[in-house]
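These protein sequence lines are chains G and Y, in that order. At position 180 of the first sequence (counting the first as 1) the number is 180 in this note's numbering, and the numbers step up by one without a gap. At position 215 of the second sequence (counting the first as 1) the number is 1215 in this note's numbering, and the numbers step up by one without a gap. Right, one structure below, let's go through it.
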Amino acid sequence: MQRISIDPITRLEGHGKIDIFLDEQGEVANAYLQVPELRGFERFCVGRQAEDMPNITDRICGVCPEAHHMASTKALDALFHVDPPPTAKKLRELFYSIFFATDHTTHFYALAGPDFVVGPEAPALERNILGIIKKVGMDIAGKVLKMRRDGHHLIKMIGGRPVHPNWGLPGGVSRGITEAQRQEIEKLGREAIEFARFSLKLFDDIVLGNKAYLDLITGGIYTHATYNMGTVDADNRVTFYDGMIRVVGPDGKEHAKYHPKDYAEYVAERVEPWSYLKFPYLKKVGWKGFVDGVDSGVYKATPLSRLNAADGMATALAQEEYERMYSTLGGKPVHHTLATHWARLVELLYATERWVELATDPEITGPDYRILPSATPDEGVGCVEAPRGTLTHHYWSDERGILTRVNLIVGTTNNNAAINMSVKKAAQGLIHKGTVIKEGLLNTIEMAYRAYDPCMACATHTLPGQMPLEVTLRAPDGEPIDSFQQNLD
Amino acid sequence: MSDKGKLALYWAASCGGCEIAVLGIDDKILKVAEAFDIVFWPCAVDGKVRSIEKMPDKGIDLCLFNGAIRTSEQEYMARLLRQKSKVLVAFGSCAHEGCIPGLGNVANREEIFQIAYHETPSTVNPQGTRPQTETQVPEGTLYLPVFYDTVKTLDQTVPVDYYLPGCPPEPERIWDALTAILTGQLPPAGSVIGAQTTVCDECSRTRQEKKIKEFKRTWEIIPDPEVCLLEQGIVCCGIATRAGCGALCPTVGSPCLGCYGPNSGVDDFGARMITALASVIDSDDPDEIQAIIDKGIPDPIGSFYRFGLAHSQLRRSAQPFLGASIDAGKTAGAA
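Following this line, the structure appears as structure tokens:
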């Protein structure tokens, strides 16, 4: 059997590696996305002081440390049985909305953007952030850089540090904001809303205005009818910081709606011998292998999943865009993986609107941003929507608040099975007997993976923008038959 | 190829925050591109491991290596890049001291696998499956790198020329270091490139030489916003930690965690911290001092070796550290 190895692709935790096997007829028999690294947080966090967890688990990921910091801080609220005052909750959600807007901007422009703005078949050396600048002009590039710079500036101002903030505590946060800071946050937030609207307009003009791109989005090779997961508010609208977890089926009907603390009744994780990363699935549906459909417990937790799992958006402008997306793509749910990019922009707009709502809340500068817990700590679950999926932290402690047990299900991990399936399907759709393996083809396989924005793939792609790949076709005895390099020289 | 210097950046067991910090130098990255050809940076530029293998020894002028060494693949890359690089910098806390991945040394591979693949409550694994270095699937064989028992720092794996501390290093300090390298104004080989002062020297909080009777966990106290956190009983590591961040954490009311590692002349971070803490305790009775430390600091490993366990005198556990305590005033190496 022939093998195509794509190594390294960008990493999730560590490098990822894709192996595509061809059968005797030259068709794709199977594809595997392997994650070759594990760090063991669930073991080495045992014995630690519970309150240290927001500053230990944020080191799971330096791209989205804010998500781990926040899920961990919420787990501490539950562990210590303390309900933070309204100002604390609003400050956390404000911080989180700024983070979300910044992170989604990075992904859309630096990573996903080149495929659409410059084009999936464009020469590799133009299909990058520099290519975007060339196509749309320095003016737009300046807006993108400003959005990222503003976001990181505010994250540092509020949370202490631009990477790995040190701010969350059980019962609140370590410091509030002043009126002067609030004014700056509001001003930059209003500019961010305009930036988000501009981004949707750009998507309209360049992607939706081009039939070839629209066909690519709705084409079969990027489509998987799986379950979808996301966090919703009391009115079943998308929310990032706090809410109930809702799961809808491939038909869009509600499969489950549960409090995050009950996650283990609904989500199970499978171990495969060929990857260090586990494969979560819906427990009540069961594991049926790497297949989609209503009988398979495989689910997705992505921006598109969150929109599929909700009934709408909680802010006015984002709701308009939500409706427009579904009417354009033929109603809910949407299973086209590439539509995840559109959903990400709808979420970007929501995050910026929520940012301004909270920055103009009369309580946001209030002095009561912390209360001290008084109950004995024992067990707690904390959950947020990370940009790349529902993030769950679960801790148990002794009466001193020393951890005795830890469980973590991180954003990208939710999508591990679905990413494997997407890569296989794209490869099956694109590689056939006699197919000449060329760069554009590899990129279109890569796009199946990139839509999930696997952790580590976002901000780190700002230089040339496209993944380096080396593909080797090997005979069954492992002897190389042919090889192709993309962007390696 | 131009006559510019050749630069490589690599990541091993790390979180990616160092890459974000490098991108944080903003448009100065263009100045780096003026001075160097970036020949290897898998996250951002390219991933030609085979091209690196084909380069002559010392063909790379400067390699910034972040991440600790936990797997056979990471060890291979560390050895390869050492061989190919004139100057190898341990970049960031993981490569320098082991950082959070180094906390894995409280356990071993068996314990980590047992928890991750069997005991976590959401794991369903009736077959007892574990990741294998070789797996036979119907279509062929899949390979994974070996997961080691012990996390090592870069300099426990290969010789290192310089160290750049921080989790992650602040972009300003990264730029300072690159400037020093570009202008040839480097300290002696083996040095940490950074400040010679402590975080306390950068902190705007006022010290009153006040003594304390007990330590407070961070969730037990709302500290005064102006006064030294340590003098309020909070375990703040600024006193033993190398400066460079601008005391960011104390500025937002949180204690320094020690992510920049020990200041120059500090051999063991934990031992230095114990000495410093003992000095603010309002007692001359060794038993009372011990009791105050035991109560207020139930997890000395997490409090004092969160970033430096792999590189410390402790390095790793023979047995798990659960429940360990440290004698006040003695070196922590005995724990």
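By construction, the Cβ of each residue, glycine as well, lies at the ideal position given by its N, Cα and C atoms.
Proximity of the region 210-226 of chain G to the region 364-380 of chain G falls short of the contact definition, fewer than three beta-carbon pairs being nearer than 8 Å. Secondary structure of G249/G (DSSP, three-state): coil.
For T1218/Y, the nearest CB of chain G lies under 7 Å from its own CB, placing it at the interface with that chain. Against chain Y, a Cβ distance below 7 Å from C383/G picks out nothing, because the smallest value is about 13 Å. Per DSSP, reduced to three states, the secondary structure at S397/G is strand. One thing to note: V117/G has its Cβ within 7 Å of the Cβ of K135/G.
In chain order, W1219 make up the part of chain Y whose C-beta sits under 9 Å from the C-beta of G171/G. Using a C-beta cut-off of 8 Å, the region 1167-1187 of chain Y makes contact with the region 1244-1263 of chain Y, since at least three inter-stretch Cβ pairs fall below that distance. Within 10 angstroms of the beta-carbon of L1144/Y lie 16 or more other beta-carbons, which makes it buried.
Using a Cβ-Cβ cut-off of 7 Å, A1107/Y counts as an interface residue toward chain G, since at least one Cβ of chain G sits closer than that to its own. Taking the Cα positions, E1202/Y is about 17 Å away from K156/G. Runs of alpha helix (DSSP H) with 4 or more residues, each lying fully within the region 1143-1205 of chain Y, are found at 1171-1182 and 1199-1202, listed in chain order.
Within 7 Å of the CB of D1149/Y, no CB atom of chain G is found; the nearest one sits about 11 Å away. Within chain Y, no C-beta atom comes nearer than 8 Å to that of I431/G; the closest sits roughly 14 Å away. Residue-level contact check: E1110/Y does not touch chain G, since none of the beta carbons of chain G fall below 7 Å from its beta carbon. The CB of T1129/Y comes closer than 9 Å to the CB of R270, V271, E272 and P273 in chain G, given here in chain order.
Here the alpha carbons of V1227/Y and K1213/Y stand approximately 17 Å from one another.
Judged by DSSP in its simplified three-state form, W274/G adopts coil rather than helix or strand.
Only exposed fits S1264/Y, as fewer than 16 other CB atoms lie within 10 angstroms of its CB. Taking C-beta atoms as the reference points, P1165/Y and H1096/Y count as a pair closer than 7 Å. Contact annotation, G168/G with M70/G: C-beta distance approximately 7 Å; criterion of less than 8 Å satisfied.
Nearest to R149/G by C-alpha distance, out of K74/G, A101/G, A75/G and S397/G, is A101/G. Taking a C-beta cut-off of 8 Å against chain Y, the contacting residues of the region 74-87 of chain G are L76 and F80, listed in chain order. In this structure, V1137/Y is the residue among V1137/Y, S1191/Y and D1027/Y with its C-alpha nearest to the C-alpha of P273/G. Annotation: Cβ neighbours of C1018/Y in chain G (cutoff 8 Å, chain order): G62. Closest in alpha carbon position to Q1196/Y, among G1261/Y, R1079/Y, F1147/Y and D1149/Y, is G1261/Y. Residue pairing for D1037/Y: DSSP places it in a beta bridge opposite K1006/Y. Interface annotation, N1125/Y: in contact with chain G, CB-CB separation under 7 Å. In this structure, P1121/Y and Y276/G do not form a Cβ contact; the two beta carbons are roughly 19 Å apart against a cut-off of 8 Å. Beyond the five residues adjoining it in sequence on each side, N416/G comes within less than 6 Å, by CB distance, of L277 and F279 in the same chain, given in chain order.
For I18/G, the three-state secondary structure derived from DSSP is strand. The criterion of a C-beta distance shorter than 7 Å is not satisfied by A29/G and Y369/G.
Distance from the CA atom of T392/G to the CA atom of V410/G, rounded to whole angstroms, is 6 Å.
A distance below 7 Å separates the beta carbons of T1153/Y and A1310/Y.
Among the CB atoms of chain Y, none fall inside 7 Å of the CB of F95/G.
At a Cβ-Cβ threshold of 7 Å, A1177/Y and L1186/Y do not count as neighbours.
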